[in-house]
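Colleague: Numbering (our numbering), first residue to last: 234 to 605.
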Ligand SMILES: Nc1nc2c(ncn2[C@@H]2O[C@H](COP(=O)(O)OP(=O)(O)OP(=O)(O)O)[C@@H](O)[C@H]2O)c(=O)[nH]1
Ligand SMILES: [Mg+2]
């Protein structure tokens, strides 16, 4: 320490215990204010990533860029949407290599717990696993599905796992676009298995079915369809049913439930021609039969590939997606149209009072829509 930079009260013989230093003063004006140019703190400008930065980061498995790419895909801003589309177009040749699995079932059936065990099992096999969710109720419940990553504490600690809660906001179509594109980004970044969780109520089930290869319905032991609130339609969408919570006192009940489902499935139209949905019992708590479920999925994928159905179905799904976007956009455009907005409130009561028929009402509304 320079001697002349020490306060005057430091003794001549003072050692390093007197660490206080004196800074040189500044030249000031008569009012005490600094005369020179004030130094402002440097602006922190986050460099914007280019399309190629995103693409290279995704392909190089750069986790930070990968996460940014997902955020980009999930953004609702038009500028981000355009950038995201450019990125997706470039990564497309590197997508499609994963196995996409949908998991559905009523709240409390144990989907998240199942994914936690199953996902960890796959990671232990050396696979990279991405867990996504579609939760149409998330606007109300602030994301019940995967809203809380602690439900998947073990899996979220796995370096080979990536967990993303349901994107929030927007229509189901918007949410499904984000999830589909997140699947593509995950695949390009080397994820081998994609698990998409959804609740077994409403449209979201059909939506998830249309973006996965394999669809698993998680059920509880002991209760029949009616008690479980499961619609026949949900069972018909599934490639396999698992009766979860087959542990402790529930083992026998789970077996019985499984055999009941096996019997009733014969009468249903299989979702995949030639593949009758398989029924297994499992426990997401003890891990019982988790390995069998993975075996079954592989058997199913082999079946699809042998019949040349794997790529055929994926192609169909892409085209269905295109058409569903068109439908959604057109409907939105129709209801946002000012001419339609102007007359719809008069038209509706006239239909109800019998003044005009529904067909005439539609024709009036469409004429309003098409008139300049
Ligand atoms: N005994 C037993 N309990 C289980 C099993 N799987 C899940 N549970 C319990 O069931 C409860 C619900 O599990 P979740 O995994 O949150 O169910 P979920 O289907 O994801 O529910 P939502 O996300 O709300 O639709 C939790 O308390 C779990 O600990 C199981 O195999 N055996
Ligand atoms: Mg859950």
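Glycine included, each C-beta is placed from N, C-alpha and C at the ideal position.
Rounding to the nearest angstrom, what Cα-Cα distance links residue 348 and residue 559 in this structure?
Modeller: Those two C-alpha atoms are separated by around 33 angstroms.
Colleague: Taking all protein chains shown into account, decide if residue 446 is buried (16 or more other Cβ within 10 angstroms of its Cβ) or exposed.
Modeller: The residue in question, residue 446, is buried, as its Cβ has 16 or more Cβ neighbours within 10 Å.
Colleague: Indicate whether residue 441 and residue 335 have their beta-carbon atoms separated by less than 9 angstroms.
Modeller: Against a cut-off of 9 angstroms, the Cβ pair of residue 335 and residue 441 comes out as a contact.
Colleague: Buried or exposed for residue 285, going by 16 or more other Cβ atoms inside 10 Å?
Modeller: It is exposed - the Cβ of residue 285 has fewer than 16 other Cβ atoms within 10 Å.
Colleague: Quick check on residue 190: does DSSP put it in helix, strand or coil?
Modeller: Because the chain in this structure spans residues 234 to 605, residue 190 falls outside the shown range and cannot be described.
Colleague: Taking 8 angstroms as the line, does the beta carbon of residue 451 fall inside it for any heavy atom of ligand 1?
Modeller: Checking every heavy atom of ligand 1 against the Cβ of residue 451, one is found closer than 8 angstroms.
Colleague: Which same chain residues end up closer than 6 angstroms to residue 298 when comparing Cβ atoms and leaving out the 5 residues on each side of it in sequence?
Modeller: If we look at residue 298 and ignore the five residues flanking it on each side, its Cβ neighbours are 290.
Colleague: Per DSSP, what kind of secondary structure is residue 407 in: helix, strand or coil?
Modeller: In the structure shown, residue 407 sits in a helix (DSSP, three-state: H, G or I).
Colleague: Report the rounded CA-to-CA distance for residue 502 versus residue 472, giving the unit in angstroms.
Modeller: Going by the C-alpha atoms only, they are around 11 angstroms apart.
Colleague: Could you compute how far the alpha carbon of residue 412 sits from the alpha carbon of residue 301?
Modeller: The alpha-carbon atoms of residue 412 and residue 301 are separated by roughly 15 angstroms.
Colleague: In its own chain, which residues sit with a C-beta less than 8 angstroms from the C-beta of residue 351, not counting the 5 before and 5 after it?
Modeller: Same-chain partners within the cutoff: 428, 517, 523, 526 and 527.
Colleague: Would you list, in sequence order, the uninterrupted alpha helix (DSSP H) runs of no fewer than 4 residues that lie entirely inside the region 464 to 515?
Modeller: DSSP runs (the alpha helix (DSSP H)) wholly in the region 464 to 515: 465 to 470 and 484 to 498.
Colleague: Going by DSSP in three states, residue 517 sits in which element: helix, strand or coil?
Modeller: DSSP places residue 517 in coil when its eight states are reduced to three.
Colleague: Starting from residue 547, trace the alpha helix (DSSP H) both ways and give me its first and last residue.
Modeller: From DSSP, the alpha helix (DSSP H) with residue 547 extends over 543 to 569.
Colleague: Please state whether DSSP places residue 348 in a helix, a strand or coil.
Modeller: Three-state result, residue 348: helix.
Colleague: Pop quiz: residue 361 and residue 423 are said to be a contact at Cβ under 8 angstroms. What is the actual Cβ separation, rounded to whole angstroms?
Modeller: Indeed, because the Cβ distance is near 6 angstroms, the residues count as touching under 8 angstroms.
Colleague: If you pair each beta-carbon of the region 413 to 422 with each one of the region 314 to 330, do three or more pairs fall below 8 angstroms?
Modeller: Result yes; three or more Cβ-Cβ pairs closer than 8 angstroms.
Colleague: Counting pairs of beta carbons, one from the region 545 to 558 and one from the region 576 to 587, are three or more of them closer than 8 angstroms?
Modeller: The region 545 to 558, when compared against the region 576 to 587, does not touch it at the 8 angstroms Cβ threshold.
Colleague: Distance, Cα to Cα, residue 508 vs residue 281?
Modeller: Their Cα atoms are separated by approximately 48 angstroms.
Colleague: Less than 9 angstroms between the C-beta atoms of residue 480 and residue 432, yes or no?
Modeller: No, the pair does not count as a contact, with Cβ atoms beyond the cut-off.
Colleague: Can you tell me which residues form a DSSP beta bridge with residue 335?
Modeller: For residue 335, which the question treats as bridged, DSSP gives the partners 429 and 448.
Colleague: Buried or exposed: residue 400, going by 16 or more other Cβ atoms within 10 Å of its Cβ?
Modeller: Residue 400 should be labelled buried.
Colleague: Count the other CB atoms, across all protein chains shown, that sit within 10 Å of the CB of residue 353; report buried if there are 16 or more and exposed otherwise.
Modeller: Buried is the call here.
Colleague: Using the C-alpha atoms, what's the distance from residue 515 back to residue 491?
Modeller: Going by the C-alpha atoms only, they are around 10 angstroms apart.
Colleague: In the DSSP assignment, find the alpha helix (DSSP H) that holds residue 324 and state where it starts and stops.
Modeller: Where residue 324 is concerned, the enclosing alpha helix (DSSP H) stretches over 311 to 324.
Colleague: Is the separation between the beta-carbon of residue 489 and that of residue 455 shorter than 9 angstroms?
Modeller: Yes, the Cβ-Cβ distance between residue 489 and residue 455 is below 9 angstroms.
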